[in-house]
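First the structure, in the form of structure tokens, and then the observations on it.
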Amino acid sequence: MLGAIRLGVFGLVALTILYFLISLYSRSVRREKLENEAAEQIAQGTLDAAARDAYIEDGMQDYENSLRRKLILGVFVVPVVVVIILIYVTNFM
Amino acid sequence: MRYVKGTLIALIALLAIAFFHYTLPQRDVVRISDTYEKRIDFGENSIFWSSPDTGNATGTVNRDIFFIQTIQTNGKPMVYRNEDTGWGWPPYFKLDTSNLQTEAADLKSSAEAPKWVVIKHYGWRNEFLSIYPNAVGVRQVDSPDVSLFPWMNIVILTLIGLVLLFLYRLWAQFRQRAIDPLLEDAGEAWDAVDERADQARDAAKAKATGFRAWLNTWKGTPRK
Chain H
1 MLGAIRLGVF GLVALTILYF LISLYSRSVR REKLENEAAE QIAQGTLDAA ARDAYIEDGM
61 QDYENSLRRK LILGVFVVPV VVVIILIYVT NFM
Chain A
1 MRYVKGTLIA LIALLAIAFF HYTLPQRDVV RISDTYEKRI DFGENSIFWS SPDTGNATGT
61 VNRDIFFIQT IQTNGKPMVY RNEDTGWGWP PYFKLDTSNL QTEAADLKSS AEAPKWVVIK
121 HYGWRNEFLS IYPNAVGVRQ VDSPDVSLFP WMNIVILTLI GLVLLFLYRL WAQFRQRAID
181 PLLEDAGEAW DAVDERADQA RDAAKAKATG FRAWLNTWKG TPRK
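If you're matching them up, the sequences are chains H and A in order.
Counted from 1, the first sequence has number 52 at position 52 by UniProt numbering; the numbering is strictly sequential.
Counted from 1, the second sequence has number 62 at position 62 by UniProt numbering; the numbering is strictly sequential.
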């Protein structure tokens, strides 16, 4: 039991680190994409250069509420499910 | 220097391959001839032994370990140990050591009437270190020439590859978004300082008259 608790604690720490890394990465990629879109639209004249920051912030706001961002929480779910399946397959099948 | 680098890379690659070869599951077709248990006093080979049955005391100096004696299809012997990996490394989450030993004992067969089984295991057999692969599962097969495709290993290695790819992309993104702009700023700042120094020098030169102007004629042109 002690072993399981230790695995749980260390696993939670590792997955939390992974969660933050993935969310930082995902946010950064999204911001870059928005910056590129804004640059393109400014070049085409469909976006005012002064509205660039607002456009990006709007996009980021959308991202914060998006399903994609919430899917990153799967980082906590998937390994736990995998471990449960592994325990079942290894020992009880 | 190139040789040092090459050797280092080769060494790391060798270690990585050895690590995966030891840790990833493999399957052998064998015939179980007998099972036994033996007390093992762990010595210099102690890292090649796993943990006591989950829930039992840990860190004991010795304990009884189950073994499965088998004959391979080529007639050579192979001995497996049978130990819990429990919640530790490698992550097989094997808790059913005693059950596995029972199954193995039940599948015992003689050379005259062989019952072939597939034993899933990880680890190495090494006579010099007295180490044994750890059996994880056993199942009976009809014929010794059953074909086994390592699906599991492909999935695991693919996942590890994806994780490494993600870490690389993460680093590349971080560098592009956070470090490069900083370096650019620093570079610009440095250029600005340089330019100001140049301007100051030019101004001083322009101002110099008379004796100092004459002195300046002895100086070389400034190095860019």
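Note that beta-carbon positions come from the ideal geometry of N, C-alpha and C, so glycine has one too.
Note that the structure is a prediction, hence the values are computed from the model and not measured.
Residue i: contacting residues in chain A (beta-carbon distance under 8 angstroms)
i    : result
H:R6 : W87
Contact list for residue i against chain H, beta-carbon separation under 8 angstroms
i      : result
A:G137 : T90
A:G55  : M1
Cβ-based burial, residue i [other Cβ within 10 Å; buried from 16]
i      : result
A:V117 : buried
A:A111 : exposed
A:R31  : buried
A:Q101 : buried
H:I17  : exposed
A:K5   : exposed
A:P133 : buried
A:E127 : exposed
A:V136 : buried
A:K120 : buried
A:L165 : exposed
H:K33  : exposed
A:F93  : buried
H:Y88  : exposed
A:D34  : exposed
A:T217 : exposed
A:T7   : exposed
Amino acids of chain H, ordered along the chain, whose beta-carbon sits closer than 7 angstroms to that of residue i
i      : result
A:L170 : L21, Y25
A:Q173 : Y25, S28, V29
Contact with chain A by residue i, beta-carbon distance below 8 angstroms
i     : result
H:Q87 : The sequence shown places Ile at residue 87 of chain H, not Gln. Judged by the 8 angstroms Cβ criterion, H:I87 is in contact with chain A.
H:E37 : no
Chain-order list of residues whose beta-carbon lies under 8 angstroms from that of residue i (same chain, five-residue window excluded)
i      : result
A:D142 : W116
A:P90  : T23, Y122
H:A38  : L47, R52, Y55, I56
A:V61  : D41, F42
A:S51  : T58, E83, D84, T85, G86, G88
A:L129 : E44, N45, F48
A:R39  : N62, R63, D64, I65
Neighbour flag for residue i against chain H, beta carbons, 8 angstroms
i      : result
A:R177 : yes
Contacts around residue i, its chain only, beta-carbon distance under 6 angstroms, and the 5 residues preceding and following it disregarded
i      : result
A:E184 : none
A:F48  : I131
A:Y36  : F67
A:R63  : P52
A:K108 : I32
A:V138 : E103, A104, V117, I119
A:N153 : L24
A:L170 : none
Interface residues of chain A facing residue i [CB-CB closer than 9 angstroms]
i     : result
H:E32 : Q173, Q176, R177
Neighbourhood of residue i by C-beta, 7 angstroms cutoff - its chain only, sequence neighbours within 5 removed
i      : result
A:I156 : L24
8 angstroms Cβ cutoff, residue i in contact with chain D
i     : result
A:Q69 : Annotation note: the requested chain D is absent from the structure, which comprises protein chains H and A.
- [ ] Taking only beta carbons into account, state which residues of the region 88–111 of chain A come closer than 8 angstroms to chain H, listed in chain order.
- [x] G88, P91, Y92, F93, K94, L95, D96, N99
Open item on the list: Output needed in chain order: residues of the region 53–83 of chain H with a Cβ under 7 angstroms from some Cβ in chain A.
Closed with: V83
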